[in-house]
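Worksheet for the structure shown next.
2 protein chains.
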Amino acid sequence: MIVDGAAVAAASEALPDDICVAALAAVFSALGDPTRVRIALALLGRELCVCDLAALAGISQSGVSHQLRVLRDLRVVAYRRDGKRAVYRLIDDHVREVLELGLAHAAESETG
Amino acid sequence: MIVDGAAVAAASEALPDDICVAALAAVFSALGDPTRVRIALALLGRELCVCDLAALAGISQSGVSHQLRVLRDLRVVAYRRDGKRAVYRLIDDHVREVLELGLAHAAESETG
DNA sequence: TCAACGTATGAGTAAACGTTCAGATGAAGC
DNA sequence: GCTTCATCTGAACGTTTACTCATACGTTGA
Numbered sequence: 244m245i246v247d248g249a250a251v252a253a254a255s256e257a258l259p260d261d262i263c264v265a266a267l268a269a270v271f272s273a274l275g276d277p278t279r280v281r282i283a284l285a286l287l288g289r290e291l292c293v294c295d296l297a298a299l300a301g302i303s304q305s306g307v308s309h310q311l312r313v314l315r316d317l318r319v320v321a322y323r324r325d326g327k328r329a330v331y332r333l334i335d336d337h338v339r340e341v342l343e344l345g346l347a348h349a350a351e352s353e354t355g
Numbered sequence: 244m245i246v247d248g249a250a251v252a253a254a255s256e257a258l259p260d261d262i263c264v265a266a267l268a269a270v271f272s273a274l275g276d277p278t279r280v281r282i283a284l285a286l287l288g289r290e291l292c293v294c295d296l297a298a299l300a301g302i303s304q305s306g307v308s309h310q311l312r313v314l315r316d317l318r319v320v321a322y323r324r325d326g327k328r329a330v331y332r333l334i335d336d337h338v339r340e341v342l343e344l345g346l347a348h349a350a351e352s353e354t355g
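Chains A and B, in that order, give the protein sequences. All you need for the numbering used here is the position in the first sequence, starting with 1, plus 243. All you need for the numbering used here is the position in the second sequence, starting with 1, plus 243.
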């Protein structure tokens, strides 16, 4: 079955364990949805409350809340309470860089 | 409905158009699956043929082929023919960086 | 305490996804 | 030509996903 045994062995050695792979996939999956990327992009330069994010994402407040939960669980966003409102922000600088790299890649793909 | 009109306007202005958002989501979505990240990670340091990737990913050759099609369509991987084999490689340096940033983020999330 | 507001949660649903199976395509050797 | 091998493709399947609706939670102000 295996053709290039040495390469497979090397790749197998270099591959992170299943838990790490799953975590990695989960993070990308978090950004792998139009609504959630839009949320993340909107939070790039400022913090926003749920209802404003709903307006920007173009879906119901409930829908945004569900997606924010996903992003929270994956440590992409965090929030602070401001009275009745929950104001969300990006947690991690990695996310900023990842978004920008993704945009660069998407731009190249469109061009090519 | 909208609370912070200025912030919403600014975010709305900064948001890419729908097509770009969709493309961005698609790229992240491509890496947002354990099998496909594993494929991408395996290809980080070398090129590999389909059957070797199947062995590394732990699914059928057919399954890998389906996933490679996704990655091909999104310009994440490309392949060359070597006789009967199809040898795949990562196309884009952005992908390498994105993977590494993702790993860094995942590592931090595990720690925290 | 009560009502109003912003947010979170649970149920339900339609669509998308990842996999396997079976069969088609294409290249190499006889 | 035929056979074999590696890969690709289409159909079918079970699972997951992203949304809406209805409702519950938590905070504010009367």
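C-beta: ideal position from N, C-alpha, C; glycine also.
Taking residue i as the query, report the chain B residues whose CB atoms sit under 9 Å from its CB, ordered along the chain.
| i | result |
| --- | --- |
| G209(A) | Outside the shown range of chain A, which is 244 to 355, sits residue 209(A), and nothing can be said about it. |
| V341(A) | F271, E340, V341, L344, G345, H348 |
| S303(A) | In chain order: nothing, as chain B lies at least about 11 Å away. |
| R324(A) | In chain order: nothing, as chain B lies at least about 14 Å away. |
CB residue i to CB residue j, shorter than 9 Å?
| i | j | result |
| --- | --- | --- |
| A285(A) | S308(B) | no |
| S272(A) | S272(B) | yes |
| L311(A) | L274(B) | no |
| C263(B) | L346(A) | yes |
| C294(B) | R328(B) | yes |
| T278(B) | I302(B) | yes |
Against residue i, what residues of chain A qualify as contacts under a CB-to-CB distance less than 9 Å, listed in chain order?
| i | result |
| --- | --- |
| E311(B) | Sequence inspection shows Leu at residue 311(B); the Glu mentioned does not correspond to that position. Neighbours of L311(B) on chain A: none; closest Cβ ~15 Å, over 9 Å. |
For the ligand FMN, is there a heavy atom less than 8 Å away from the beta-carbon of residue i?
| i | result |
| --- | --- |
| R318(B) | As presented, the structure is devoid of all ligands, the ligand FMN included, so that no description of it is given. |
If the cut is a Cβ gap below 7 Å, which residues of chain B does residue i touch?
| i | result |
| --- | --- |
| G275(A) | A268, F271, S272, G275 |
Report the neighbours of residue i on chain B: residues whose CB is nearer than 8 Å to its CB, in chain order.
| i | result |
| --- | --- |
| L258(A) | R281, L284, A285, L299 |
| V246(A) | C292, C294, D295, R328 |
How close, in whole Å, do the beta carbons of residue i and residue j come, if the pair is a contact with beta carbons under 8 Å?
| i | j | result |
| --- | --- | --- |
| H348(A) | V338(B) | 7 Å |
| L299(B) | Y331(B) | Contact flag wrong, Cβ pair sits at about 11 Å. |
| A384(A) | L333(A) | Chain A is shown only over 244 to 355; residue 384(A) falls outside these bounds and no answer can be derived. |
I want to verify the contact list: residues of chain A whose CB lies under 8 Å from the CB of residue i, in sequence order.
| i | result |
| --- | --- |
| V320(B) | In chain order: nothing, as chain A lies at least about 13 Å away. |
| A252(B) | Those do not exist, as A252(B) stays about 10 Å from chain A at its closest Cβ, beyond 8 Å. |
| R289(B) | A250, A253, A254 |
By the criterion of Cβ-Cβ separation under 7 Å, what are the contact partners of residue i in chain A?
| i | result |
| --- | --- |
| R332(B) | Neighbours of R332(B) on chain A: none; closest Cβ ~12 Å, over 7 Å. |
Stretch-stretch touch, CB-based, cutoff 8 Å, three pairs: the stretch 310-325 of chain B with the stretch 307-322 of chain A = no
Do three or more CB pairs link the stretch 289-298 of chain A to the stretch 244-254 of chain B at distances below 8 Å?
-> yes
Scan the stretch 246-326 of chain A and note each continuous beta strand (DSSP E) run of 3 residues or more that stays entirely inside, going in chain order.
-> 320-325
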